[in-house]
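Protein chains in written order, with the working numbering: chain A, 985 to 1572; chain B, 2 to 129.
Where is the CB? At the ideal position from N, CA and C, for every residue including glycine.
Working notes for the structure below.
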């Protein structure tokens, strides 16, 4: 029998970016807020200081900051016809765990998703006709526009200390920024990061081809910075230990050095770590949550935290898992297309072009998460006509590595043996002379791609694992072929000594790392029969539950997800504070 | 006011250690305060508060690794440095060159004028 704890006004499940933002924004209400984080506490002093953090084996190869698959994982298959098996070792994506979540080991890349994403269904229907969208693609508008999200995008950029260059200010287009972004009121709080020789070659080649290169925006502080909450960020030192590591210099905008300490200054906000939430508890009507059930994973004690409002702020997969385990919303059935929870799950596509430049030294150890150059000519650029290509979505193409670390970064030219003296010679030479151009593509929803509960496998607590059924479909294959051809075109124009063969991926595999950008499964929108949450990320079925994060995204973009994830969290926080708390019930 | 700060700095620095160059003693503490932003993500000037780095209250004239409740790197503990305008100038220019193995993840402040101004500010805030 679980021990029942004193009631809280608000319980937050998961304490990364979204949980931290909501706690920060709701703390001044004075309401009793309890944040439950399934992992441990994290601080730069205790966990990320030099020299401990420069341990590539521990943090990169062995995923020390990420979720432990021995406790909970998901099962994976490519299609309905297959039997899903548990992912016993992290590969394709790396969910975070612990205070700060994946926000401590992200690269920092922060985009404002444009209306080409947020109004995707309307735009394609208007331009190409309803038949252009395949019947098995449940493409949806998000129910918000980028103009509505603009102030929240800006707020996050100033809190996280994003470095970049605006391309489309209210006052006019700005040369050198992204000309295809939607209009913005203000520039980034910090100037762009410095990039190396490789991205410079990319920028020159892209310009020659008529494209519009600009510095990739990211929460790696290009200068010392104090955010609007008075939190200090150091200047990025380009150490190359960014993605998969916590920042040793407090230079990467992360929840544990921005929103979380600000929230925790309020005595009405309490954080409990090692608190693994198993379920949202519902009353007999199933339309109202009464709190959450959790386990203290250090003692094994089962506890119940009663609360008036439940904010699901776990990783995207965690939010969907909790919705399914708790019976909130109707689970999606791929055979009938009915139900919503688990639908519109999307991964991200991408690939790259490896090159070698005889005699050049790119010094790949000088790196940071987001430094580099990108083109958006084939994603947010609506002048790019998708018609001849026949796909919905697009690609961003970029050059700039996040760290040439000694174990993981071993590029060798095609034909090199995989071991022995020849491999050693090639890897020593390739380290300095290799360079990659990479692309990300959108992934649009497909009726056969979804999340549900696994019928066979359970986690350490005896609960069914989340089952992922996913593969790239025709739309993604066309986009990835196009993205690969763009990389090859630009790569060739950079005039390398060796241009490695560049084969686009056709099918998804859980094994090689690709991207941690999982989206969907509890999507937002304006139609309760087709979506899990409204545009304030509030459950249609249980209105005192909010499911916040990338789980709300109706499709995935060629951009990284943290910008809209944070913007939507700010928008949700404002709606709860200004409207929901005064009149609890469905927001309209 | 500026002249007053400079004058005070000069006195403090002179008291702490013989001043190596006119540039250091002539540091602009007011400008140094803005440059201190580069330190503020990890250091406070509050003696009760160590963060990623030790507090810097009284740093000028202090021995290296002297804050009791801060865990220094081995090399810093063994460094046997007293932080004067001169030693701070060298350390801030290239920390790893002066204390190889320091855990301060900072590549250095290349401009001599910046260092002088920052040290002037640190000296000012080091007064009781």
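Chain-ordered neighbours of residue i on chain A, where CB pairs are closer than 7 Å
i, result
"residue 106 of chain B", "1034, 1221, 1223, 1232 and 1233"
Residue i in three-state terms, based on DSSP
i, result
"residue 991 of chain A", "coil"
"residue 4 of chain B", "Bear in mind that the predicted position of residue 4 of chain B carries a pLDDT of just 42, short of 50, making it unreliable; the figure below should be weighed with that in mind. The answer is helix: DSSP assigns residue 4 of chain B an H, G or I state."
"residue 1451 of chain A", "strand"
"residue 63 of chain B", "coil"
"residue 1493 of chain A", "coil"
"residue 1560 of chain A", "helix"
"residue 1140 of chain A", "helix"
"residue 85 of chain B", "coil"
"residue 1434 of chain A", "strand"
"residue 11 of chain B", "Model confidence at residue 11 of chain B stands at a pLDDT of 40, short of 50, so the residue's coordinates are unreliable and nothing is read from them."
"residue 1186 of chain A", "helix"
"residue 25 of chain B", "With a pLDDT of only 46 at residue 25 of chain B, under 50, the local geometry of the prediction cannot be trusted, and no value is derived from it."
"residue 1522 of chain A", "strand"
"residue 1325 of chain A", "strand"
"residue 1069 of chain A", "strand"
"residue 1254 of chain A", "strand"
"residue 1220 of chain A", "coil"
"residue 1536 of chain A", "helix"
"residue 983 of chain A", "For residue 983 of chain A there is no data in the structure shown, the boundaries of chain A being 985 and 1572."
"residue 1083 of chain A", "coil"
"residue 1215 of chain A", "coil"
"residue 1057 of chain A", "coil"
"residue 1260 of chain A", "strand"
"residue 1101 of chain A", "helix"
"residue 1463 of chain A", "helix"
"residue 1115 of chain A", "helix"
"residue 43 of chain B", "coil"
"residue 1416 of chain A", "helix"
Beta carbon proximity, residue i to chain A, threshold 8 Å
i, result
"residue 52 of chain B", "yes"
"residue 38 of chain B", "yes"
Proximal residues of chain A, C-beta to C-beta of residue i below 9 Å
i, result
"residue 86 of chain B", "Near residue 86 of chain B there are no residues of chain A at all, since even the closest Cβ is about 22 Å away, more than 9 Å."
Within chain B, partners of residue i - CB distance below 8 Å
i, result
"residue 1217 of chain A", "42"
Interface flag, residue i vs chain B, CB-CB below 8 Å
i, result
"residue 953 of chain A", "Since the first residue shown for chain A is 985 and the last is 1572, residue 953 of chain A is missing from the structure and cannot be characterised."
Closer than 7 Å: residue i CB and nearest the ligand FMN heavy atom
i, result
"residue 1245 of chain A", "As presented, the structure is devoid of all ligands, the ligand FMN included, so that no description of it is given."
Residues of the stretch 1010-1030 of chain A in Cβ contact with chain B at a cutoff of 8 Å, in chain order, please. 1028 and 1029
Between the stretch 1519-1532 of chain A and the stretch 1294-1312 of chain A, can you find at least three pairs of beta-carbon atoms closer than 8 Å? yes
Segment contact, 8 Å Cβ cut-off, at least three pairs: the stretch 1005-1017 of chain A with the stretch 1187-1203 of chain A: no
Looking at C-beta atoms only, is the number of pairs between the stretch 1112-1126 of chain A and the stretch 1485-1495 of chain A that lie closer than 8 Å three or more? no
Check whether the stretch 1437-1457 of chain A touches the stretch 1511-1519 of chain A, counting contact only when three or more Cβ pairs, one atom from each stretch, lie closer than 8 Å. no
Any chance the stretch 1043-1061 of chain A sits against the stretch 1200-1213 of chain A, with 3 or more Cβ pairs inside 8 Å? no
Do the stretch 1344-1361 of chain A and the stretch 1402-1416 of chain A touch if we need at least three Cβ pairs shorter than 8 Å? yes
Under 8 Å: do the stretch 1057-1071 of chain A and the stretch 1083-1093 of chain A share three or more Cβ pairs, one atom per stretch? no
For the stretch 50-58 of chain B and the stretch 1222-1231 of chain A, state whether three or more C-beta atom pairs, one from each stretch, are separated by less than 8 Å. no
Please determine if the stretch 97-105 of chain B and the stretch 71-84 of chain B are in contact, where contact requires at least 3 C-beta pairs separated by less than 8 Å. yes
The stretch 1298-1307 of chain A in contact with the stretch 990-1009 of chain A per 3-pair CB rule at 8 Å: yes
So does the stretch 1159-1172 of chain A actually touch the stretch 1559-1571 of chain A, counting three or more Cβ pairs closer than 8 Å? no
Does the stretch 1539-1547 of chain A touch the stretch 1423-1436 of chain A, meaning 3 or more C-beta pairs lie closer than 8 Å? yes
Given 8 Å as the limit, is there contact between the stretch 1043-1053 of chain A and the stretch 1232-1251 of chain A, that is, 3 or more CB pairs closer than that? no
Does the pairing of the stretch 1356-1367 of chain A with the stretch 1444-1458 of chain A give three or more beta-carbon distances under 8 Å? no
Should the stretch 1366-1381 of chain A be regarded as contacting the stretch 1458-1478 of chain A, the criterion being three or more beta carbon pairs within less than 8 Å? yes
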